[in-house]
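Chains as they are written, first to last, in the numbering used here: chain A, 30 to 278; chain B, -17 to 283.
Read through the structure below, which is laid out as structure tokens, and then see the notes.
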Amino acid sequence: MKTDTSKRALRPKELWREIIMIAIGKREFISMFKSVKSIIIIAILLLTSYYSAKFSGLLASGIALTEKEMADIHTVGLLILLFIFGQLFVMGLSHDSINKESHERTMRFLVTRTSRLQILLGKFAGAWLFWFTCLVISFLVIAIFALKFDFFIFSQVMALLTFQIALTILLSVAIPKPSATMFLGIVIGLLFPALGAWLVFTDNPWFSWLKFASPYYYLMEDTYQFLIIFGLAGLLLAAAALIFNRRDF
Amino acid sequence: MKAIETKLLNKTYGSTSVVSGINLVVEEGEIFGFLGRNGAGKSTFINMLTGITRPTSGSFTILGVEGPDERMKKHIGVMPDYSTLFNSMNAMKHLKFLSSLSGKPVSTAECRQVLNQVGLENAGNKKVGKFSFGMKKKLGIAQAIIHDPNLIFLDEPTSGLDAESALHIHKLIGSLKERGKTVFMTSHNLDEVEKICTTIAIMKDGGIVKSGTMDELRSYYRSAITVELKHGPVPAGESHNLYTWLETAGSELRKETGSTSITVGSEKRIAEIIRAFTRCQVDIFRVEVNEPSLEEMFLAE
């Protein structure tokens, strides 16, 4: 019997399978849609999108807004919701995406079949696709009233969510107990926007430099500097991969 | 080719050494039995070879690839100990999901074939969460072989199974060997290991105390062959000489009317004992030679 374990060029289909662990991502994506928590969050997102877009005229008439702010008025409700509660929502759904598998020992089936990096990327991809889908639907609801799909704002929000998903994955890798990440997830979810906003605006020389680590800093202006947030998310994922590689199951 | 080769493989947790300096070779096509008491380090050893845990030091190769290496994972199948399965999936989806993780997606027909092999032919569409312990065990074996690996690790494959199911699994393991696969299994069922394994290693306190084929292990433990003779009356004049000699020929001599038993160190001694009885004009009706079973060897360690 011969076992071909030598390295050879991968076919495109194999290469795709090697780059993104589709099976894990698909399972994560589908399981996220099945939970009660996700249904509640999707309902909140859609209702906020619908009513904030529908009654945006009322909001616009009550306060003085610039021309740009007037143009984006339909998305305000959704943006406020995600800026304040986005981290809490992401943590609520994905705080145990990795450590639950370790805790229930199903991780043993995964690590004996594929690389740990692919497991991590698969989990990340599944959660990312879930939020991408939710956001696309929310923006489509808004587009009914705004008569446009604002790709720039969509990308900014997606960048923020990408950071938040990566942070959640890091937490799930670093802390082995799902019950601990549930508690910490709530704490971090509530503190994250307050701390992020404070870091952006504080003059305290000891802490103000930390604003560069906060995704909110890169969302202050309508420029493409929000792309840096994807880099920050990459750093969080790299840290998660480093810890995950050293774990015993 | 060697299916498994380990060199000074170690695993420590803090100051506790769980596996210490194991050197082991498993040839391809063998059914290798790994024996040891609870806490001996068997599962930790398997976990290191399969990527579940990382060795503290030492090296190993799996199917010629130095580990830990992701390339080997496509060629190994693992049934870990104490693992829960994905309870929300049915058996068919479970197998399809795990085979796709191995990079070898399988069809529904292939899933059915493997489920048949492990005796779960009617459970394909049943949720794993509703499986009995025995059914989960069988599905654990099915997922280990679904992607047709060359080397299969089975941690206690038949523990908790009824006799009929265990026999079914023994036949399956035998058929894997016939197909040229290597099986590395741990078990507490010593009869099972003795029956189906070609090579055996006994582990104690994190190290391997003895390994080899059944015959090699028996010859190592030959000091414990017990000979029991059923015989006629010993003439009064010969009795003293015969039993004095027997005391020097072996140990644990037991004399009863019409029966003598003695423990000897080699097969050669058996012939000498029979000759001694014959010389003393004692009729021998029956000779029973009790070689040590695997259980006795195991307990001796």
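Note that CB positions come from ideal geometry on N, CA and C, so glycine has one too.
Check	Outcome
Quick one: list the residues of chain A neighbouring I34(B), beta-carbon separation under 8 Å, in chain order.	R137, V140, T141, D277 and F278
Using a C-beta cutoff of 8 Å, does A268(A) count as contacting chain B?	no
In chain order, what residues of the same chain have a beta carbon less than 8 Å from the beta carbon of M61(A), not counting five sequence neighbours either side?	S67, L122, S123, G155, A156 and F159
Have a look at G115(A) and S64(A) and give me their C-alpha separation to the nearest angstrom.	18 Å
At a CB-CB cut-off below 7 Å, which residues of chain B make contact with S144(A)?	E52
Count the other CB atoms, across all protein chains shown, that sit within 10 Å of the CB of P215(B); report buried if there are 16 or more and exposed otherwise.	exposed
Below 7 Å on C-beta distance, what does E133(A) contact in chain B?	T66
Do I13(B) and T32(B) have their C-beta atoms closer together than 8 Å?	no
Can you name the residues that DSSP bridges to H268(B)?	In the sequence under discussion, the amino acid at residue 268(B) is Arg, which differs from the His named in the question. R268(B) pairs with K212(B).
If you compare alpha carbons, which of S233(B), S84(B), E270(B) and D137(B) is closest to T168(B)?	D137(B)
Taking the beta strand (DSSP E) that L235(B) falls in, what are its first and last residues?	S233 to E238
Look up G194(B) in the DSSP assignment and say whether it is helix, strand or coil.	strand
Unbroken alpha helix (DSSP H) runs of length 4 or more, entirely within the region 105 to 172 of chain A: which are they?	105 to 123, 128 to 132 and 136 to 140
Starting from D137(B), trace the beta strand (DSSP E) in both directions and tell me its first and last residue.	L133 to D137
For I52(A), go through chain B and note every residue whose CB falls closer than 7 Å to its CB, in chain order.	Looking at the sequence provided, one finds Ala at residue 52(A) rather than Ile. By Cβ distance, chain B contributes F79, S82 and L83.
How would you write the range of the alpha helix (DSSP H) that S208(A) sits in, first residue to last?	P207 to F230
Going along chain A, which residues have a C-beta under 9 Å from P37(B)?	Within 9 Å Cβ-Cβ: nothing; P37(B) doesn't reach chain A, min ~10 Å.
At the level of alpha carbons, what is the spacing between G101(B) and K120(B)?	7 Å
With DSSP collapsed to three states, give me the class of G3(B).	strand
For E48(B), which of L199(B), I128(B) and E(-13)(B) has the nearest alpha-carbon?	E(-13)(B)
Near L74(A), which residues of its chain fall below 6 Å by C-beta distance, leaving aside the five closest residues on each side in sequence?	C163 and S167
Which residues of chain A have a Cβ atom closer than 9 Å to the Cβ of K55(B), listed in chain order?	V140, T141, R142, T143 and S144
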